[in-house]
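Top line first, the protein sequences correspond to chains A and B.
Per our numbering, the first sequence runs over residues 146 to 259.
Per our numbering, the second sequence runs over residues 53 to 166.
Okay, structure first, notes after.
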Amino acid sequence: AQSVAQPEDQVNVAEGNPLTVKCTYSVSGNPYLFWYVQYPNRGLQFLLKYITGDNLVKGSYGFEAEFNKSQTSFHLKKPSALVSDSALYFCAVTRMDSSYKLIFGSGTRLLVRP
Amino acid sequence: GAVVSQHPSRVICKSGTSVKIECRSLDFQATTMFWYRQFPKQSLMLMATSNEGSKATYEQGVEKDKFLINHASLTLSTLTVTSAHPEDSSFYICSAKRVGTEAFFGQGTRLTVV
């Protein structure tokens, strides 16, 4: 069965500092991995995805994520956090099959303080 | 990016009544649409997957007679919550995708049953 773990309920970081939001996954076969961001009472906005190829994926708003197959991780990173990055972040995984069912992690709330 | 629109964004209904939520892909034809439910401060739970012109596939534990899904065209899917009860109050989010792309999410619908 597919699963995603986001071990931190909340990450606090000062503006201008680097941030990391952790994600590990479990899936049979090769995974598709995604990061989405959610603002209050809104749907999810796509940030980036890993399908194949380069392990370092660059996405929207300066975010990037590194796929690590041996550690089954896909941590989200940003070199310099902004207050406006404060939101709820979800990691998701699906298998490379026709169903494309996204399984989401529990979410991590990022709080960037001025 | 592709736009997915959900309507209404917020609805309050009386217990025992039914409510319909629409999900439209505005600028692309969606081969598959997904419906999720999100409880406060929790992750998204996949309810069902629908393909245009065919019956929806429901996840285990989701009552298909209570949550009616219709995917009548390549741009529209509807979720009808029948005989709603207060425990059905939640945030419902749809997503849509076409072949070869990631899923795009609607802005969500907050349902409150009183």
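Glycine included, every Cβ here is placed at the ideal spot set by N, Cα and C.
Remember, it's a predicted structure, so these values are computed and weren't measured experimentally.
In the structure shown, residue 206(A) falls within a helical segment according to DSSP collapsed to helix, strand and coil. Following the DSSP letters along the chain, one finds residue 168(A) in no beta strand (DSSP E), marked with neither H nor E. Against chain A, the CB of residue 163(B) has no partner CB under 8 Å away; the residue lies outside that interface. In summary, the residues of the segment 166–198 of chain A whose CB is separated from some CB of chain B by less than 7 Å are 179, 186, 187, 188, 189, 191, 194, in the order they occur in the chain.
Counting of Cβ neighbours within 10 angstroms places residue 154(B) among the buried residues, the total reaching 16 or more. The beta carbon of residue 155(B) sits closer than 8 Å to some beta carbon of chain A. Residue 195(A) is bridged by DSSP to 178(A). Across the structure, residue 224(A) and residue 202(A) are spaced so that their CA atoms are roughly 14 Å apart.
Counting of Cβ neighbours within 10 angstroms places residue 157(B) among the buried residues, the total reaching 16 or more. For the segment 78–134 of chain B, the continuous beta strand (DSSP E) assignments of 3+ residues that do not extend past its boundaries occur at 84–90, 96–103, 119–125, 128–133, in sequence order. Of the candidates 148(B), 138(B), 111(B), 92(B), 148(B) places its Cα closest to the Cα of residue 130(B). Judged by DSSP secondary structure, residue 158(A) falls within the beta strand (DSSP E) whose first and last residues are 155–159. The Cβ atoms of residue 250(A) and residue 151(A) sit closer than 8 Å to each other. In this structure, residue 90(B) sits away from residue 75(B), with a CB-CB distance that is not shorter than 8 Å.
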